[in-house]
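Same order as they appear, the protein sequences are chains A and B. The first sequence begins at 0 in numbering that gives the first Met the number 0 and counts up by one. The second sequence begins at 0 in numbering that gives the first Met the number 0 and counts up by one. Each residue gets a CB set at the ideal place from its N, CA and C atoms; glycine is no exception. A quick write-up on the structure given underneath.
Number of protein chains: 2
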Amino acid sequence: MGDLIDRLRAGLPDEAILADPDVTASYANDMASFCPAGAPAVVVLPRTVEQVRHVMRTATALRVPVVPQGARTGLSGAANASDGCIVLSLTKMDRILEIDPVDRVAVVEPGVVNAALSRAVAERGLYYPPDPSSWEQCTIGGNIGTGSGGLCCVKYGVTAEYVLGLEVVLADGRLLRTGRRTAKGVAGYDLTRLLVGSEGSLGIVVRAVLALKPAPPAQLALVAEFGSAEAACAAVCDIMAGGHVPSLLELMDGTTVRAVNAMTSMGLPESTEALLLAAFDTPDPAADLAAVGELCTAAGATQVVPAEDAAESEMLLQARRMALPALERVSTATMIDDVCVPRGRLAAMLDGVAAIARKHDLTIGVCAHAGDGNTHPVVCFDAADPEESGRARESFDEIMALGLELGGTITGEHGVGVLKKEWLARELGPVGVEMQRGIKAVFDPLGILNPGKVF
Amino acid sequence: MGDLIDRLRAGLPDEAILADPDVTASYANDMASFCPAGAPAVVVLPRTVEQVRHVMRTATALRVPVVPQGARTGLSGAANASDGCIVLSLTKMDRILEIDPVDRVAVVEPGVVNAALSRAVAERGLYYPPDPSSWEQCTIGGNIGTGSGGLCCVKYGVTAEYVLGLEVVLADGRLLRTGRRTAKGVAGYDLTRLLVGSEGSLGIVVRAVLALKPAPPAQLALVAEFGSAEAACAAVCDIMAGGHVPSLLELMDGTTVRAVNAMTSMGLPESTEALLLAAFDTPDPAADLAAVGELCTAAGATQVVPAEDAAESEMLLQARRMALPALERVSTATMIDDVCVPRGRLAAMLDGVAAIARKHDLTIGVCAHAGDGNTHPVVCFDAADPEESGRARESFDEIMALGLELGGTITGEHGVGVLKKEWLARELGPVGVEMQRGIKAVFDPLGILNPGKVF
């Protein structure tokens, strides 16, 4: 280990190397539950591409595993340290290098915080859509590693759709440029997209060219209350089949509504079994909301409340923002799942999750990016009670099994990490796993990049 | 060869095997110029996934190269036969298996013609955007193999953005399922996107889940005439920087305008050095066109003519549709290039192409998907004159070099195939090529899938 740190010092300034075990221990985890983490040998905080290359050359020379990290807001353990690893934190590489309104691109380093980029481009009349809940903390590099989504995806898609090109330091320190700055391009295999969502297992992203959109008008929202989750899901299907393009279409189940009521003074009706939030950022959002409100009423909504303006819309969306904090107060711990199903199967998914909650005698609240069929069942449990913790883990797995059974995926936007790696093989099948492992070996023949993650 | 055909017969009906050399020769080429093609040993036309698997198992057993083909409308030689190969035509696998308006997906076989799918989904109020010029002939499988674009891309993006999941027969006949049917998903590496644009070099696509959009309103167009290409390109930049989202933004240079005039009775002003066509499919397209028309005038347009209705818009777009046929009449042959540059460099690109035309004393007309920076310089030459053909090939290469120099790519939407494979290494660099070859070896260790293409 002395050798490791000496070698790192040869290409990194002192302040970029943290070796005090008390300090390095604080870099061991991201925000996932139930994911083991080891003790890093060292944490490095490079500021330049050349420094990252030096770290990777050193890691290759000494066969030391490297765990790349952004803001560690991930929910799958993909950024958890392994014993004796180099934690490679990209948070100091946080420059926005360029914003170009003609090409509609931004060029950024990986440590740029999502919100910082969003605000910087907004000042130029532009829009970077991906908006994970952690957007005030999470970094673009982490978003790229995970393939993050957010509330906007129902209209604007996920992170992958905004990454045009990358600069990547490979396991052996070589620099790979992928993709392009242009709007289109089909020269060779799409390595850019291969790297997005690869959770640091193929290379270290050190620069990204991101596509931007023109800033849309402020969105206007409505909230609709339903007496059953089934009716709310039917409304979601009717809205999407009706050709509407909401900028947000979120669902909270009755469990979540009651948790929010218990925490706040929002006074949502206790009889509500599902709350639907829809928003439009179109030229005439009031007209779109009126049409969607009618579909909600026809599907059985007990009440439909459209906002009058942007400020009122923000108030309506507060209930959604409170969902996770409210569920976190139900017990001492939560596990948040991320199963995405075809939206036509959303009702079956919610029904199945409710059955799993009853079977295991647990509180499981569901918030969903309903327009995408992406559910976040939140399993609440007492971490001090091993038996209950066991039931929580079982129900978490049963939720993934249900998602696969309904034609869905085990992860819509949070990634595989440590948390779901045993499940990945079930989703991909043996041929898929073999191809993916083959690709991993091409990029990382020594297996030093984030080992024990994804596969 | 007797052995090859006997083995193929064991898993294919007689009518699915064409072995008459006069017949197989007609499958030797796609529509690219200057691309060598060999003589196929046999052409197979399977109708089922199982038959495709049989073909690939046979090819692997006998180490026979396989060249997959759709409608052979490609422009890079990617579908050209190699000597002694099996041509695997997917054109008989042409069923639309499902159109689902709630999930907004279509499930199709690879031989479905683009226009057939577009019309079928339009009947359900849906929209499959990718619209290559050959859309009445080309197949979805070919579009996926090439990563095709079209006129709509400036607003709706390219084929890659509409492919959610694939079923792929691997080189050894195993079946690989990639991706998903859901709106989102990040389980493992994105093999779907890796396969899109891989030109049949990684596997045979036998089924695709495609994302659909709600059908937009009919688009309304305007045409603007400019005294210089530079002014037209400035207008393009102003339109995009101004936050407009046209559904089409096309440019024709003066050479192209004069060729169209010579062929048709459109009577475009001969002094026109660039024609810009813009269209909007927004709720209020007339307002958007008015704003864009003002930007064109400010940038120096000599005349701006907005259409009154959809029928008049179609008439305006006729000039663009005539561009290629008109340039094809300038001499006995044409080569169509496909260089995409950052849109801020479009003027430099057009200026450079004009200089290349002067230098080589050739007619080179440029049509461009200007909103994407994707230019199609069309080199006109006399194929019977070897010296002139040489100059044509040289100018074609100089256009690619210019594109790379301007920060662009050698191919925006036509692919690499045989035509540009020597250029691919220049764009990707040695590290990129090494990674791509590594991936190829994972999928196709024997090198039987479309050998001699891409790399």
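- DSSP links T362 of chain A through a beta bridge to A:C379.
- Taken through DSSP and simplified to helix, strand or coil, G402 of chain B comes out as helix.
- Short of 8 Å from the beta carbon of A121 of chain A, and not among the five residues preceding or following it, lie these beta carbons of its own chain, in chain order: A214.
- Rounded to whole angstroms, the gap between the alpha carbons of L276 of chain B and I139 of chain A is 36 Å.
- Counting only Cβ-Cβ distances below 8 Å, I409 of chain B has contacts in chain A at A186, in chain order.
- Residue pairing by DSSP places K212 of chain A opposite A:Y126 in a beta bridge.
- When secondary structure is reduced to three states using DSSP, M30 of chain B falls in the coil class, being assigned neither helix nor strand.
- Between L427 of chain A and V377 of chain A, the gap from beta carbon to beta carbon reaches 8 Å or more.
- Judged by DSSP secondary structure, T255 of chain A falls within the alpha helix (DSSP H) whose first and last residues are 253–262.
- Contact annotation: T90 of chain A and Q136 of chain A have beta-carbon atoms that are not nearer than 8 Å.
- When rounded, the separation of the alpha-carbon atoms in K419 of chain A and A9 of chain B is 43 Å.
- The shortest CA-to-CA distance from S270 of chain B to any of B:G172, B:T301, B:L250, B:G199 is the one to B:T301.
- Assignment of Q302 of chain A by DSSP, reduced to helix, strand and coil, places it in the strand class.
- For the set B:R344, B:C295, B:N449, the Cα lying nearest the Cα of L221 of chain B is the one of B:C295.
- Of A:A105, A:G141, A:C84, the smallest CA-CA separation from V112 of chain A is found for A:G141.
- Within 10 angstroms of the beta-carbon of P385 of chain A lie fewer than 16 other beta-carbons, which makes it exposed.
- For Q68 of chain A, the three-state secondary structure derived from DSSP is strand.
- G351 of chain A sits in a helix when the DSSP states are folded into three classes.
- Per DSSP, reduced to three states, the secondary structure at M92 of chain A is coil, with no helix or strand assignment.
- Contact between D336 of chain A and I398 of chain A holds, with the beta-carbon distance rounding to 5 Å and staying under 8 Å.
- Residues of chain A whose Cβ lies closer than 8 Å to the Cβ of S197 of chain B are, in chain order, Y188.
- Counting every other CB atom within 10 Å of its CB across the protein chains shown gives L165 of chain A a total of 16 or more, marking it as buried.
- For M30 of chain A, no chain B residue has a Cβ inside 9 Å of its Cβ, as the nearest lies near 17 Å away.
- Not a single C-beta of chain A is nearer than 8 Å to the C-beta of R56 of chain B.
- Chain-ordered, the chain A residues with CB closer than 7 Å to the CB of K183 of chain B read G148, C152, V157, C339, D371, N373, G411, E412.
- Per DSSP, reduced to three states, the secondary structure at M334 of chain A is strand.
- A distance below 6 Å between beta-carbons, with the five flanking residues on each side excluded, links R52 of chain B to the following residues of its chain, in chain order: V168, G172.
- Within the segment 97–160 of chain A, the complete alpha helix (DSSP H) segments of 4 residues or longer fall at 113–121, 139–145, 152–155, listed in chain order.
- By the criterion of a C-beta distance shorter than 6 Å, A77 of chain B is surrounded in its chain by E198, G414, G416, K452, once the five residues flanking it on both sides are discounted.
- With 16 or more other Cβ atoms from the protein chains shown falling within 10 Å of its own Cβ, K439 of chain A counts as buried.
- Looking at the backbone, the Cα of Q68 of chain B and that of G110 of chain B are separated by about 9 Å.
- Assigned with DSSP and collapsed to three states, I4 of chain B falls in helix.
- L96 of chain B is classed as exposed because its beta carbon has fewer than 16 other beta carbons within 10 Å across all chains shown.
- Taking G148 of chain A as the centre and dropping the five residues before and after it, the same chain places the C-beta of V157, E412 closer than 6 Å to its C-beta, in chain order.
- If you look at G292 of chain B, you'll find it in the alpha helix (DSSP H) that goes 284–297.
- Sequence-distant partners of C366 of chain A (beyond 5 residues in either direction) whose C-beta falls short of 6 Å from its own C-beta, in its chain, are M251, T255, A322, H375.
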